[in-house]
Structures are given as structure tokens and as C-alpha cells.
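I have placed the structure first, in the form of C-alpha cells, so that the comments after it can refer back to it.
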Amino acid sequence: MGYREVPHTADWALHVWAPDLPGLFLEAARGMYALAGAQPEEAAGTHEAAGAARRLEIQGADAESLLVAFLSELLYAQEQENLLLEVSDLQILPGDPWRLIGTAKLRPLHRLVKAIKAVTFHNLAIRQTGQGYETEIVFDV
Amino acid sequence: MKLKDFIKIGDYEWEIPTSFRKDMRVPVRVFASEELLLEVLEDQSLEQAVNAATLPGLVGRVLVMPDVHQGYGFPIGGVAATEYPHGVISPGAIGYDINCGVRLLASEIEYEAALPYMDTLATLLNEYCPSGVGSEGVVKVSAGELDKVLREGARWALQQGYATENDLQRTEEFGMIEGADPSKVSERARQRGREQIGSLGAGNHFIEVDVIEQIFDPRAAAVMGLREGCLAVQIHCGSRGLGHQVCTDYVQSFQQAVKRYGIQLPDRELVCAPMDSPEGQDYLKAMRAAANFAFANRQLLAHSARRAFEETFAPHFKKGWQLVQVYDIAHNMGKIETHEIEGRRVKVCVHRKGATRAFGPGAPGLPPEYQPIGQPVIIPGSMGTASWVLVGTEESMSRSFGSTCHGAGRVMSRAKAKKDIRGEELRRKLEGEGIKVRAGSLAGLAEEAPQAYKNVDRVVETVSQVGIARKVARLRPVAVIKG
Numbered sequence: 000m001g002y003r004e005v006p007h008t009a010d011w012a013l014h015v016w017a018p019d020l021p022g023l024f025l026e027a028a029r030g031m032y033a034l035a036g037a038q039p040e041e042a043a044g045t046h047e048a049a050g051a052a053r054r055l056e057i058q059g060a061d062a063e064s065l066l067v068a069f070l071s072e073l074l075y076a077q078e079q080e081n082l083l084l085e086v087s088d089l090q091i092l093p094g095d096p097w098r099l100i101g102t103a104k105l106r107p108l109h110r111l112v113k114a115i116k117a118v119t120f121h122n123l124a125i126r127q128t129g130q131g132y133e134t135e136i137v138f139d140v
Numbered sequence: 000m001k002l003k004d005f006i007k008i009g010d011y012e013w014e015i016p017t018s019f020r021k022d023m024r025v026p027v028r029v030f031a032s033e034e035l036l037l038e039v040l041e042d043q044s045l046e047q048a049v050n051a052a053t054l055p056g057l058v059g060r061v062l063v064m065p066d067v068h069q070g071y072g073f074p075i076g077g078v079a080a081t082e083y084p085h086g087v088i089s090p091g092a093i094g095y096d097i098n099c100g101v102r103l104l105a106s107e108i109e110y111e112a113a114l115p116y117m118d119t120l121a122t123l124l125n126e127y128c129p130s131g132v133g134s135e136g137v138v139k140v141s142a143g144e145l146d147k148v149l150r151e152g153a154r155w156a157l158q159q160g161y162a163t164e165n166d167l168q169r170t171e172e173f174g175m176i177e178g179a180d181p182s183k184v185s186e187r188a189r190q191r192g193r194e195q196i197g198s199l200g201a202g203n204h205f206i207e208v209d210v211i212e213q214i215f216d217p218r219a220a221a222v223m224g225l226r227e228g229c230l231a232v233q234i235h236c237g238s239r240g241l242g243h244q245v246c247t248d249y250v251q252s253f254q255q256a257v258k259r260y261g262i263q264l265p266d267r268e269l270v271c272a273p274m275d276s277p278e279g280q281d282y283l284k285a286m287r288a289a290a291n292f293a294f295a296n297r298q299l300l301a302h303s304a305r306r307a308f309e310e311t312f313a314p315h316f317k318k319g320w321q322l323v324q325v326y327d328i329a330h331n332m333g334k335i336e337t338h339e340i341e342g343r344r345v346k347v348c349v350h351r352k353g354a355t356r357a358f359g360p361g362a363p364g365l366p367p368e369y370q371p372i373g374q375p376v377i378i379p380g381s382m383g384t385a386s387w388v389l390v391g392t393e394e395s396m397s398r399s400f401g402s403t404c405h406g407a408g409r410v411m412s413r414a415k416a417k418k419d420i421r422g423e424e425l426r427r428k429l430e431g432e433g434i435k436v437r438a439g440s441l442a443g444l445a446e447e448a449p450q451a452y453k454n455v456d457r458v459v460e461t462v463s464q465v466g467i468a469r470k471v472a473r474l475r476p477v478a479v480i481k482g
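These protein sequences, in sequence, are chains A and B. Just so it is clear: in the first sequence, position 36 is 35 by numbering that gives the first Met the number 0, and no numbers are missing. Just so it is clear: in the second sequence, position 145 is 144 by numbering that gives the first Met the number 0, and no numbers are missing.
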């Protein structure tokens, strides 16, 4: 399970791998936060949402759409609410549509180094490997 | 892809024929010297251009500008025209930062006389023009007011006292693109927009003070108000989080639309919908709303820059510190235009992603003073290097859907730039060259270092040699403000 940065001329790209789909989604989130230099506050701070939990329910046409929607949800919380979402109990439910269900602990952001404009679908494909799943995600920065 | 895959049309023109890949609907035409082309072949830019050549409804050719670099889906520096109304519109071929663009304002203050005050100017610009990750704007607007911004763009700013009629006259689409519908913009996008209007953001966006170093076309420069040795200001930014969210929303929803319309594509980022479909119409209306937001955003930043100029120079100079707008151009946009293509007049949607509209003399949509000379085109260089003012030509109208390049174009990945270049060292180097730097993030500064980009002079030389723009003036940076 892990992620690593892949060279890209203008934007940022991550190679992500994990033994299962929830793991892949969580690693992608960790990688995206690391690229942005997002760090949560250690202390509770004054943010009204600090420590609260949020239920996540997201839909997508397929696994890739769901991954983009999930990461876009985290980006929105980061930019608009100044929150880092620490996601747990993640379930990925295939179907029509695919669904993601999980819980997120809301952590106020202490530091954010880089703005990510968007999560793209560029050449996005979640592949099954002998060890689980892998994908490459390109972010517009 | 290799050099042998191209047909050489001329010293600065190359073509990838449709025989290169069976799903190509039109050829790809690349404007580049052989040296630039060989550099471009080192990343995936031209594979992305070939992918773009599969979009349904394309006419003419997919065009690639000399500042091209790898993007996502569609290359940065690409132009594609689809026939209106049955051809498609592709949000990914316009980009997340809808109506990212550049505004140029000129003063009559001579740089030599301004030297003692440049530190103050840089500090005030940095103070009055909010920048950086998550920066909030100089004004906050209510939901109802935001609707007006989305419909009226810079014209809204005029009503609020942040613009002059001359600013609007000298803005692409006169600062307000028709056909915007705020109801097609999601609530999330609107929330992001309300807090960010009048802010620069981060990344490659900047405000730069330049000195007009050399004039190549005195007549055009005089019409534009560009005087050798005087200060000018460039503002480079776009539609901020509102535009990013609009594109995110529609790229996501178009994943289903392509299935409904039976469209096969080599890359999911190129998803599209026919312009005459409900999905295509909704995106067009939302994209125009985001474009209007960007026009208003740059207008507010121009207002802030004027305040900084006035406070810096008015106590010391009797006149000349007023910033007069030269022009404001978009370089990420989809526009419905009519062009002559293979001998017939065709109404098309010109997708320009990292490419600038460059209308020639007499083209519609230009203010009266620019009708004889053509539309001003602003080409920002990389930080610390030259920028250019060009004009559109008759050649650009007949050969490139009235389009030309948009900047220097990256050659080095952000990861490598971050690894190889120290932000503090770069800041010292720039300051040593007489460039005042105000940067929120030294890591961000390093990523935008001059060595991460192509030489803008070579890019401009190429479009000039091809004839799809003509040189007017070269600018040299003297202060840079970055998030």
C-alpha cells in the first residue's frame, strides 16, 4: 500500500497502489494531502467543526468516477472549509451507480502549501494487479 | 512519437496526418522550429494533441502552438474548432481555470524615475492584491450579487465603481460574454466564488510590473499607449475556485453524457457533449458564467493595482501614474466564432487551452482604435524573463482560427523544479537582477523558476515567423508578486 509522485511537466501525478479498493482510495487521499502539504492542527483550536465527524456518501458512474468525486470532496473541504478529512470505515459498493460510504473526522488545517485546482480523469484507469489495485491520478495545479 | 512521423510543411510548421492513427478525424498542425519540436517530443503533449484530434465534429486541423506542454486530456497550447451546433464542446479542452487570462495596463511613469519607489510599489501591490493558497478576495458578494457578476462580468465591476468604460472596451468580449446562465453553476462553485472574487490565487498566477524595453511596431505601440522606458503591469489569473468547480462538475457529469451520445474517446478527460444537446448547452452557459467571473476578478485586481500605483507615485509625480488598460485576453476558453475553413465560412466553437485569441485587423469584436492594427495579444514570459505584446494578423485569422501562443510553456516538471531549485536562492538571484519579489511561498516560487520554462523569445519568434502574430513590444520584469 502506498503512493509516489510521477513526473509531469505542468501538473502533478501520483501512482497509487493498495491491496483493496478502500485502501486505494485512502492512499490516494494521503498522497493528495501530501502533495498539497496539508497538515492538520495538533490542538483542537477554534474551528467550530474541530473534532466533529461527518458521514460521507458519494456516488459515481464507475470506480474511476467515484475516486475523482471522493478526492474532489476532500479538495472542497480543504479549500472552502479549511478542513482536512481523516476518513475511516470506508466502503466501496459497486453497482449502478457505484457508491462510497465512510466516516470523516474533521481536522482544522494548520498549514497548506500548494493549491490543487482539480482532480482530473486524464488516462485514469483503476487496474487490478496480482497484489490488489493500482492507478495513476493527475492533478491540475 | 518521432520526428519521422511528421510531414515538414516549412521551417516552423509540421503536420501529423490522419494516417498516423486510425481514430484521428483531422490532422494535427504544429507550429514550432525543429529545435522546439524536438523538445516537445520529450513529453506527452503531441500524443494528447492526437487524442484531441478524435473529438467529434472537428473542422480544419487541431493546432499546436510553440509553447505547448503536456497537460491533462488536451495539451496546454492546443486549439481545436468544432462545427456549431452539432459538434461537441469539451470542458477538458478548455481547462479547469476557465478564462484564465492576462490583463495589461500601461503608465507614463519612467522606470528610471520610479526606481526609488519600486520597493514601496511592490509592497503595496502585494498588500492590496490578495494572493496565495486559499486567498480571499477584496470584496465579498451576496448570492444575488454573484448572479450579476456571473451574468455581467467586468460590466458588474463598472457599476460598482471598480472599472472605467475604457477598461471594458479594451477587454475580450468587452468584459461580458453573452449567454451566461448562473443557474447552471453549482452551489459549490458559487460558494467558492463568493469568497474569492478579487484575489490572485497561487500557482503560476502573478502580478508583474514591467518596463517597456523595446518597441518593434511604433504605430501599434502608440495606439496601445505603450512608451519605451515606462512602467506597465500584467495581471495573470482566472476564475479561481468557481471555474475549477464548474469544470470539475461538468467533466464528472459528461462521463455519462458520452455514453448517451455514443462517443468513443481515447482519454476520459476529453469527455464532451454535442453543443445542441441539453448537456452541451448547460456547460456552455456555465462556462460563460465562469468566464464572466474571471473578467470581473481581473477587473477588481486592476482596481487594486491602480490604488497601489496612485499611493506610490501620486505624491512624487504630477501625472503619468494612472494605469490605462491596454487589453485583457483569455487563454482558456471556448468561443463561438465564424472562420473561413477550406473555402467556406463556418460557425465553430474554438477551444483554446493555453492559447490566445489573436484577431487580425478589421475583425469583429475589437474596439475602434484596434480595428486598424489588430487585437493586442499579451504573452507573459516566465518569472524573471521577458514578456511580449503582439497583435493578431490576417494570417492568424486564415491559418489558426484567430489564435496564437499564450506564454513560455513549461519544460521542467514541478517535482524536478522543487528538487533542483531553492526558493530563497532564486529570490536572491531575481533581486540581484533588480527584480523586486514578493512571494507567499518560496516553494511555489521555485516551481515557477525561469529554468522550468522554455525561452519565451523563441516561442514569440516562431509565431512571428509563421505570421500568426506580429511583435509590438518586449517587456522586462522589475517587480513580481506571487502567491
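Beta carbons are placed, not taken as given, at the ideal position from N, Cα and C, and that holds for glycine. All of these numbers come straight from a predicted model, not from anything done at the bench.
Whether residue i touches residue j by CB criterion (7 Å)
i	j	result
B/Gly439	B/Gly383	no
B/Leu322	B/Phe308	yes
B/Ala121	B/Arg437	yes
B/Trp320	B/Ser106	yes
B/Gln324	B/Arg169	yes
A/Asp139	A/Ala124	no
B/Asp489	B/Asn50	The displayed coordinates of chain B run from 0 to 482. Any statement about residue 489 of chain B would go beyond what the structure contains.
A/Pro39	A/Arg106	yes
B/Ile377	B/Ala219	no
B/Ala448	B/Ala416	yes
A/Ile136	A/Leu74	no
Any chain A beta carbon closer than 7 Å to residue i
i	result
B/Gln69	yes
B/Ala414	yes
B/Glu268	yes
B/Lys243	The sequence as given places His at residue 243 of chain B; Lys does not occur at that position. Cβ-Cβ to chain A under 7 Å: yes for B/His243.
B/Val479	no
B/Val132	yes
B/Thr247	yes
B/Asp42	yes
B/Gly224	no
B/Gly240	yes
Residue i: first and last residue of the uninterrupted alpha helix (DSSP H) it sits in
i	result
B/Gly105	Looking at the sequence provided, one finds Ala at residue 105 of chain B rather than Gly. From DSSP, B/Ala105 is part of no alpha helix (DSSP H) but of the beta strand (DSSP E) over 100 to 109.
B/Thr461	455 to 465
B/Tyr260	Run containing B/Tyr260: none; DSSP gives neither H nor E here.
A/Val15	Not the alpha helix (DSSP H): A/Val15 falls in the beta strand (DSSP E), residues 11 to 17.
B/Arg267	Segment: none, B/Arg267 is in no alpha helix (DSSP H) and carries neither H nor E.
B/Asp146	142 to 151
B/Thr311	277 to 312
A/Phe69	62 to 79
B/Arg189	186 to 195
A/Phe24	20 to 35
Range covered by the beta strand (DSSP E) that runs through residue i
i	result
B/Ala201	No beta strand (DSSP E) holds B/Ala201; DSSP gives it neither H nor E.
B/Gly484	A question about residue 484 of chain B goes unanswered here, because the residues of chain B that appear run from 0 up to 482.
B/Cys348	343 to 352
B/Gly59	57 to 71
B/Lys334	331 to 340
A/Gly1	1 to 5
Within chain A, partners of residue i - CB distance below 7 Å
i	result
B/Ala483	Here chain B has residues from 0 to 482 only, and residue 483 of chain B is not among them.
Within chain B, partners of residue i - CB distance below 7 Å
i	result
A/Leu9	Per the sequence shown, the amino acid found at residue 9 of chain A is Ala instead of Leu. Within chain B, the residues near A/Ala9 are His68, Gln69, Gly70, Ile75, Arg409.
A/Ala68	Gln251
Cutoff 7 Å: residue i Cβ touching any chain B Cβ
i	result
A/Pro6	yes
A/Ala37	no
A/Leu111	yes
A/Ser87	no
A/Leu123	yes
A/Ala60	yes
Proximal chain A residues relative to residue i, where beta-carbon distance stays under 9 Å
i	result
B/Tyr95	Lys116, Ala117, Thr119, Asp139
B/Arg191	Tyr75, Glu78, Gln79
Beta-carbon neighbours of residue i, restricted to chain A and to distances below 8 Å
i	result
B/Gly319	Correct list: empty, because the minimum Cβ distance to chain A is about 36 Å.
B/Ser440	Val112, Lys113
B/Ala201	Lys113, Ala114
B/Gly443	Val112, Lys113
Proximal residues of chain B, C-beta to C-beta of residue i below 8 Å
i	result
A/Val15	Within 8 Å Cβ-Cβ: nothing; A/Val15 doesn't reach chain B, min ~16 Å.
Under 9 Å from the C-beta of residue i: neighbouring residues of chain B
i	result
A/Glu63	Gln254, Arg267
*Give a yes or no on contact between the stretch 285 to 293 of chain B and the stretch 89 to 99 of chain B, applying the rule of three or more CB pairs nearer than 8 Å.*
As far as the Cβ criterion goes, the stretch 285 to 293 of chain B touches the stretch 89 to 99 of chain B, which means the pair count is three or higher.
*Is there contact here, the stretch 343 to 359 of chain B with the stretch 386 to 405 of chain B, by at least three beta-carbon pairs under 8 Å?*
Yes: at least three Cβ pairs fall under 8 Å.
*Below 8 Å, can you find three or more Cβ-Cβ pairs linking the stretch 53 to 64 of chain A to the stretch 236 to 245 of chain B?*
Between the stretch 53 to 64 of chain A and the stretch 236 to 245 of chain B there are fewer than three C-beta pairs closer than 8 Å, too few to call the two in contact.
*Evaluate the contact criterion for the stretch 60 to 72 of chain B versus the stretch 179 to 197 of chain B: three or more CB pairs, one atom per stretch, below 8 Å.*
With contact defined as three or more Cβ pairs closer than 8 Å, the stretch 60 to 72 of chain B and the stretch 179 to 197 of chain B are not in contact.
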